[in-house]
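Colleague:
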Amino acid sequence: MTKTVLITGASRGIGRATARLAAARGWSIGINYASNETAARETAALVADAGGRAHLLHGNVADEAAVVAMFDEFMHTFGRLDGFVNNAGIVAPGMPLADMDAARLKRIFDINVYGAYLCAREAVRRMSTQRGGHGGAIVNVSSAAARLGSPNEYVDYAGSKAAIDTLTIGLSKEVGPHGVRANAVRPGLIDTEIHASGGRPDRAAVLGAQTPLGRAGSADEVAELIVWLLSDASSYVTGAVIDVTGGR
Ligand code: NAP
466 MTKTVLITGA
476 SRGIGRATAR
486 LAAARGWSIG
496 INYASNETAA
506 RETAALVADA
516 GGRAHLLHGN
526 VADEAAVVAM
536 FDEFMHTFGR
546 LDGFVNNAGI
556 VAPGMPLADM
566 DAARLKRIFD
576 INVYGAYLCA
586 REAVRRMSTQ
596 RGGHGGAIVN
606 VSSAAARLGS
616 PNEYVDYAGS
626 KAAIDTLTIG
636 LSKEVGPHGV
646 RANAVRPGLI
656 DTEIHASGGR
666 PDRAAVLGAQ
676 TPLGRAGSAD
686 EVAELIVWLL
696 SDASSYVTGA
706 VIDVTGGR
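Residues in the sequence shown are numbered from 466 upward in steps of one, following the numbering used here.
1) Is the beta carbon of L672 sitting closer than 9 Å to the one on G712?
2) If you pair each beta-carbon of the region 644-655 with each one of the region 617-634, do three or more pairs fall below 8 Å?
3) Please report the distance separating the alpha-carbon of V589 from that of V645.
4) For H643 versus G704, is the C-beta spacing smaller than 9 Å?
5) Reducing DSSP to helix, strand and coil, say where A649 ends up.
6) How would you label N617, buried or exposed, when you count the other beta carbons within 10 angstroms and need 16 or more for buried?
7) Run the proximity test for G711: is its beta-carbon closer than 8 Å to any non-hydrogen atom belonging to the ligand NAP?
8) Kindly examine the ligand NAP and report whether one of its heavy atoms sits closer than 8 Å to the Cβ of P652.
9) Hey, would you say T710 sits closer than 9 Å to G664, going by beta carbons?
10) Got a sec: does the ligand NAP put a non-hydrogen atom nearer than 8 Å to the Cβ of A684?
11) So G478 packs on A684, CB below 8 Å; how close in whole Å?
12) Measure the beta-carbon distance from L522 to F543 and round it to whole angstroms, keeping in mind my assumption that it falls under 8 Å.
13) Report the CB separation of N497 from G524 in whole angstroms; it is logged as a contact under 8 Å.
14) Taking 8 Å as the line, does the beta carbon of E658 fall inside it for any heavy atom of the ligand NAP?
15) From which residue to which residue does the alpha helix (DSSP H) around V526 run?
16) Give the straight-line distance between the Cα atoms of L613 and M560, rounded to the nearest whole angstrom.
17) Output yes if chain C places a C-beta closer than 9 Å to the C-beta of E529; else output no.
18) Would a C-beta distance cut-off of 9 Å place T483 and A688 closer than the cut-off?
19) Would you mind listing the alpha helix (DSSP H) stretches within the region 644-693 that are 4+ residues and don't spill past its ends, in chain order?
20) Among the candidates G653, R545, G480, whose CA atom is the shortest distance from the CA of V512?
21) Could you check where the beta strand (DSSP E) with G478 kicks off and where it finishes?
22) Who are N551's beta bridge partners in DSSP?
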């Protein structure tokens, strides 16, 4: 039977790379995106080229009604949920905390924390053997920022990702007995468009050169870890928070 995975923020970057790799490994994919439908359609085409079945799911992860509707639509389309990748996330332009306004802080925590928790809740409601599901695997996308703190850049984002690490630890203990594994990946400096959205398109290349491996990572390198954590190859791994940072 084909396994199914819903990936938030799969129109671009790490989410897209994960969709493509998972499709190549035989998964059917729900591709969530916030606003960039053109990019989401490009991801769907990549999934199809890789031999997978794709379904687009428009919705803001910070909107509870949209999240519930997205998971319901996924179940209606594919009939079962085996994997969930909690990947959608944002940064904002770098600055010290003293200069951040409340609207920015609210937006970061709404999408990166509230949205991620809502999505994980909906995944568990459909996967847990206690709730009629047949088990599954959740992969939360955190960041090395959770342990670095990102001073003078985005301590808000760093804190939001620390919440994802803690969610992973607690949730893995809640749902392990009910057939669900929950793990997190902590990417370092990965070459995607997120850095441009934070005002520094060259950030990954410049800072990546200072890492032990001497370069930025690619979205494909993160996808390898995510797809492994989704798969039965990692069947005894849960509650893990794994760095993919080139040693940073
Ligand atoms: P990206 O290239 O900027 O892509 C972000 C994706 O998230 C897009 O698909 C975007 O959809 C979607 N998204 C944004 N806000 C959303 C919302 N409210 N609801 C639903 N989808 C939303 O980012 P990325 O670099 O691939 O990052 C993916 C994850 O990895 C994030 O959680 C990020 O924090 C984490 N991460 C990245 C790095 C890095 O260096 N790149 C490092 C550590 C952690 P649209 O296309 O519709 O806008």
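Each residue gets a CB set at the ideal place from its N, CA and C atoms; glycine is no exception.
Modeller: Based on what the coordinates show:
1) Position 207 of the sequence shown, counting from 1, holds the residue named residue 672. Position 247 of the sequence shown, counting from 1, holds the residue named residue 712. No, these two residues do not count as a Cβ contact at 9 Å.
2) Cβ pair count under 8 Å is three or more, so yes.
3) Sequence index remark: in the sequence shown, residue 589 carries index 124 (1-based). Sequence index remark: in the sequence shown, residue 645 carries index 180 (1-based). Across the structure, V589 and V645 are spaced so that their CA atoms are roughly 8 Å apart.
4) On the sequence shown, position 178 is the one that residue 643 refers to. On the sequence shown, position 239 is the one that residue 704 refers to. In this structure, G704 does not lie closer than 9 Å to H643 by Cβ.
5) Within the sequence shown, numbered from 1, the residue matching residue 649 stands at position 184. Three-state result, A649: strand.
6) Taking the sequence shown and counting its residues from 1, one reaches residue 617 at position 152. Counting Cβ neighbours within 10 Å, N617 comes out exposed, since fewer than 16 surround it.
7) Within the sequence shown, numbered from 1, the residue matching residue 711 stands at position 246. Residue side-chain check: G711 keeps its Cβ at 8 Å or more from all non-hydrogen atoms of the ligand NAP.
8) Within the sequence shown, residue 652 is the residue found at index 187, counting from 1. Within the chosen limit of 8 Å, the ligand NAP reaches the beta carbon of P652 through at least one heavy atom.
9) As a first step, residue 710 must be located in the sequence shown, where it is residue number 245. As a first step, residue 664 must be located in the sequence shown, where it is residue number 199. Cβ atoms of T710 and G664: not closer than 9 Å.
10) For the purposes of this step, residue 684 is taken as the residue at position 219 of the sequence shown. Taking non-hydrogen atoms of the ligand NAP into account, the C-beta of A684 is found less than 8 Å away from one of them.
11) Residue 478 sits at position 13 when you count from the first residue of the sequence shown. Residue 684 sits at position 219 when you count from the first residue of the sequence shown. Rounded to whole angstroms, the Cβ separation of G478 and A684 is 5 Å, and the two are in contact under 8 Å.
12) Reading the sequence shown from its first residue, position 57 is the one you call residue 522. Reading the sequence shown from its first residue, position 78 is the one you call residue 543. 11 Å between Cβ atoms; not a contact.
13) Looking up residue 497 in the sequence shown gives position 32. Looking up residue 524 in the sequence shown gives position 59. The pair is a contact, with the Cβ atoms about 6 Å apart (cut-off 8 Å).
14) On the sequence shown, residue 658 is found 193 positions in, with the first residue counted as 1. Indeed, a heavy atom of the ligand NAP lies less than 8 Å from the Cβ.
15) Against the sequence shown, residue 526 aligns to sequence position 61. First-last for V526: undefined, no H or E at that position.
16) Taking the sequence shown and counting its residues from 1, one reaches residue 613 at position 148. Taking the sequence shown and counting its residues from 1, one reaches residue 560 at position 95. Approximately 15 Å, taken between the alpha carbons.
17) Among the chains of the structure shown, chain C does not appear; only one protein chain is present.
18) One-based indexing of the sequence shown puts residue 483 at position 18. One-based indexing of the sequence shown puts residue 688 at position 223. Yes; because the gap between Cβ atoms is below 9 Å, this pair is in contact.
19) Counting whole runs of 4 or more residues, the region 644-693 contains the alpha helix (DSSP H) stretches 659-662, 668-673.
20) The sequence position of residue 512 within the sequence shown is 47, counting from 1. Of the residues G653, R545, G480, the one whose Cα lies closest to the Cα of V512 is G480.
21) Your numbering for residue 478 matches position 13 in the sequence shown. Run containing G478: none in the beta strand (DSSP E); it sits in the alpha helix (DSSP H), 478-489.
22) Within the sequence shown, residue 551 is the residue found at index 86, counting from 1. Partner(s): N605.
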